[in-house]
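Let me begin by presenting the structure, written as structure tokens, before commenting on it.
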Amino acid sequence: MDLKKTFEQDEEVLLRPVREVNRNYYITVGILSLIVAWAFFAYFYQLKRGLGVTGLNRPVYWGFYITNFVFFIGISHAGTLISAILRIAQAEWRRAITRSAEVITVMVIFFGVASILMDLGRPDRIFNIIESGRFQSPLLWDVTSITCYLTASTVYLYLPLIPDIAIMRDKVNKRKWLYNVLSLGWTGTPRQFKRLELVISVMAILVIPVAVSVHTVVSFVFAMTVQPMWHSAIFGPYFVVGAIYSGIAALIIAMALIRWVYKLDNYLRDIHFTNLGLLLFVMTLLWTYFTFSEYLTTFYGAEPTHMAVFWSKFSGEYMLEFWGMIVCCFVIPVIFLSNRKLRTMTGMVISSFAITIGMWLERFIIVVPTLANPRLPYERGAYHPSWVELSLLAGCFAFFILLYVLFTKFFPIVSIWEIQEGRQHAVSEVAERVRTYLPDAHTEEGEAQAFSREQVETARP
Amino acid sequence: MAKWGMVIDLDKCTACQACVIACQAENNVPNSDPEAAGTGRSIHWMEMLPIVEEEYPHLRMRLMPRPCMHCEKPPCIKVCPVNATQIGSEGIVGQINARCIGCRYCTTACPYTVKYFNWYKPEWPAVMENHLNPDVQVRYIGVVEKCIFCHHRLQKARDLARYEGREMGPNDYIPACAQTCPAEAIYFGDLENPKSSVAILSKSKRAFHLLEDLGTHPKVTYLSEGV
Ligand code: SF4
Ligand code: SF4
């Protein structure tokens, strides 16, 4: 088979989701839109009546919305960060997965930001943070960092899209004007490719510190106060690890769904899932290590104000959420991921769902019990979310999935040109690279570092 | 410059809660209702902390009036993203209702949990609507509020003194709670003035502060025998 035919086949398969729409697609979009519409209704209800329609109170001033904020911003770490690291590390298996990861980031950040807006008592005054912003407040650090991350991730998603948009401009008979504008006159000359790859690698490096800063400053919102079990130096890295952890889980779920719905088994192959599954397992252990350190130091120090929060999680009111988190983020993933027999597609998808739920619970278990058990031991609170908060949580998820689905209908969810580039150059490049890892050998016949399989076979005694 | 502070003598306090009522009336704080009280949403700038000492059957309950501590180093103002809560040059920690975006970061950062939020639009029974204090702004929905040491009374006292062409005296500015207390358990005045009763009493052997070890330097001092 020649290169050209293979390329055409790639384009054919990967553009099929963009070209074809079927009934299932409309049904999915319909259902998701209904949930989103309901959430909008709930939000306008809250806007009209006030935050009183939530389950929040004194002292539990923050609840679902702040939990969602931390959670969604956490999920957003999957994409850009992982894709950037894989690109820089020249991991060849990245080619098929970077796009689906980057889209998660860009789409999910909106819901992190939206969660903050939902939480504000006066969303109409949001521009006060520009007019009278005060940089001493960690919330402003968040605003800065998240804006930066959103911009950088969007650029980082868009750049590798350009050659694919150009392919669609030439080969898809829909939305010509859109692809025409977005492809920026891409013609695919070697000079253009060279430039593009340079900019992508610069962005990949730039985006990593921004990504790390994002969840660090999210954790600082809590860690900078003096409240029990918030005021912890470990929070920055703990949050970043948790973010990447939940992010990879979300990525695996997204990829499994894409592969199943669009029948892309040949592109999102088992090896991709296995590699991500191993990465997920490493993050499981890292997360568990952080959680263990955090809780053990609190327990051993045994300060009464901290212990009040500790016991409310361990055996008190928030016991269900706490142990639920341990089961979802530690027990289930360890069972499925540590064992080659269970590390199947099903096993990995189950673990990923468990981790996503568990990490949401983790955020909840960080936000609420501390507030419910403040330092002055006379004010104890309880928190039960109202239907508005539940609806908005469902709405955020539905809206995110909706945007993701729509993206796959507008753009190829697996990068076409990167796969093609992989076919064209990567194999020889990697062989070349491996050769440079090996020591030089001088023999009478000449110089060599590695041998082809035939040479090895024939040389074997 | 003055540093306004308060001393509450728990040995004199009878827990009659007159200060709580006086504060509600003075500062246009809406009445609580059973629903708000049940969900932990009533607003009381001055509130009674129930302190349980010993255990059943030798149970001893005490009530302790608790305004905002007006910390000299307030953790609440540091976190506000829009500068809507600030400490003034005379040590009063104020709230700017018109600017607050209602993020409730200050409420979670205050270790004394003395800040309150307007979950709904504040409302009064019709008969009371015409009896609100014109000196105090009625708060908006969705903003945070708390004790401000009846700051409007300071402004009034200062204006009056200026009008009468004299210095402000020690009794010119006194918050509603201190003025009302029938047991005279609440003292108020300038901590910088060594002769003021608050300056003298806050050095008393009976003096203590809430959560002293957090380094917030509260300007509300409690007096109690046996602490
Ligand atoms: S008691 Fe709380 S609200 Fe009052 S000044 Fe101190 S930290 Fe701020
Ligand atoms: S609730 Fe208002 S006063 Fe408090 S931190 Fe937010 S903006 Fe500032």
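One line per chain: the protein sequences are A and B, in this order.
Taking the working numbering, I'd label the letters of the first sequence as residues 1 to 461.
Taking the working numbering, I'd label the letters of the second sequence as residues 1001 to 1227.
Where is the CB? At the ideal position from N, CA and C, for every residue including glycine.
- Per DSSP, residue 353 of chain A is one residue of the alpha helix (DSSP H) stretching across 345-372.
- In the three-state DSSP reduction, residue 84 of chain A falls in the helix class (H, G or I).
- Between the segment 1138-1154 of chain B and the segment 1078-1093 of chain B, the count of C-beta pairs closer than 8 Å reaches three or more; the two stretches touch.
- Contact annotation: in the segment 132-158 of chain A, residues whose CB is within less than 7 Å of a CB in chain B are 132, 133, 134, 136, 137, 138, 139 and 140.
- The beta carbon of residue 1124 of chain B does not come within 7 Å of any beta carbon belonging to chain A, so the residue lies off that interface.
- Annotation for residue 1111 of chain B: 1075, 1211, 1214 and 1216 place their beta carbon closer than 8 Å to its own, counting only its chain and skipping 5 residues before and after.
- Per the coordinates, the alpha-carbon of residue 302 of chain A lies some 11 Å from the alpha-carbon of residue 311 of chain A.
- Taking non-hydrogen atoms of ligand 2 into account, the C-beta of residue 1148 of chain B is found less than 6 Å away from none of them.
- Considering only beta carbons, the part of the segment 1129-1143 of chain B lying closer than 7 Å to chain A consists of 1141, 1142 and 1143, in chain order.
- Minimum Cα-Cα distance from residue 1016 of chain B among the listed residues B/1198, B/1037 and B/1182 corresponds to B/1182.
- Taking 4 residues as the shortest admissible run, the segment 416-455 of chain A contains the following complete alpha helix (DSSP H) segments, listed from N- to C-terminal end: 416-421 and 427-437.
- The beta carbon of residue 226 of chain A sits closer than 7 Å to some beta carbon of chain B.
- By the Cβ-count criterion, residue 187 of chain A is exposed, with fewer than 16 other Cβ atoms from all chains shown falling within 10 Å of its own Cβ.
- For residue 1084 of chain B, the Cβ falls inside the 6 Å cut-off from some heavy atom of ligand 2.
- The nearest non-hydrogen atom of ligand 1 is 6 Å or more from the C-beta of residue 333 of chain A.
- Annotation: Cβ neighbours of residue 1102 of chain B in chain A (cutoff 9 Å, chain order): 51, 119, 120, 121, 122, 123 and 125.
- At least one C-beta of chain A is nearer than 7 Å to the C-beta of residue 1080 of chain B.
- In terms of CA proximity to residue 1180 of chain B, B/1025 leads the group B/1005, B/1025 and B/1011.
- A direct Cα-to-Cα measurement between residue 426 of chain A and residue 354 of chain A gives close to 36 Å.
- At least one CB atom of chain A sits nearer than 7 Å to the CB of residue 1050 of chain B.
- Relative to residue 373 of chain A, the option among A/57, A/423 and A/33 whose CA is nearest is A/57.
- Counting C-beta atoms within 10 angstroms of its own C-beta, residue 1163 of chain B has fewer than 16 neighbours from the protein chains shown and is therefore classed as exposed.
- With fewer than 16 neighbouring CB atoms inside 10 Å of its own CB, residue 21 of chain A falls in the exposed class.
- Residue 351 of chain A is a Cβ neighbour of residue 337 of chain A, given a cutoff of 7 Å.
- Within the segment 57-81 of chain A, 57, 58, 59, 61 and 62 place their CB atoms closer than 7 Å to a CB of chain B, listed in sequence order.
- Taking a cut-off of 6 Å from the heavy atoms of ligand 1, the residues with a C-beta inside it are B/1068, B/1069, B/1070, B/1071, B/1074, B/1075, B/1076, B/1093, B/1110, B/1112, B/1114, B/1115, B/1146 and B/1216.
- Using a Cβ-Cβ distance cut-off of 8 Å, the segment 235-245 of chain A and the segment 308-327 of chain A are not in contact, since fewer than three pairs of beta carbons, one from each stretch, lie closer than that value.
- Only buried fits residue 420 of chain A, as 16 or more other CB atoms lie within 10 angstroms of its CB.
- The contact set of residue 1109 of chain B on chain A, defined by CB atoms closer than 9 Å, consists of 224, 225, 226 and 227 in chain order.
- Contact annotation: the segment 126-142 of chain A touches the segment 218-236 of chain A, with at least three C-beta pairs closer than 8 Å.
- Beta bridge pairing from DSSP links residue 195 of chain A with no other residue.
- In terms of beta-carbon proximity, residue 1154 of chain B stays away from the interface with chain A, with every pair separated by 7 Å or more.
- Annotated three-state conformation of residue 1065 of chain B is strand, per DSSP.
- Counting along the chain, residue 1053 of chain B sits inside no alpha helix (DSSP H); it lies in the beta strand (DSSP E) bounded by residues 1047-1053.
- Ranked by Cα distance from residue 142 of chain A, the options A/174, A/74, A/154 and A/89 are led by A/74.
- Under the Cβ criterion (8 Å, minimum of three pairs), the segment 202-212 of chain A does not count as touching the segment 333-347 of chain A.
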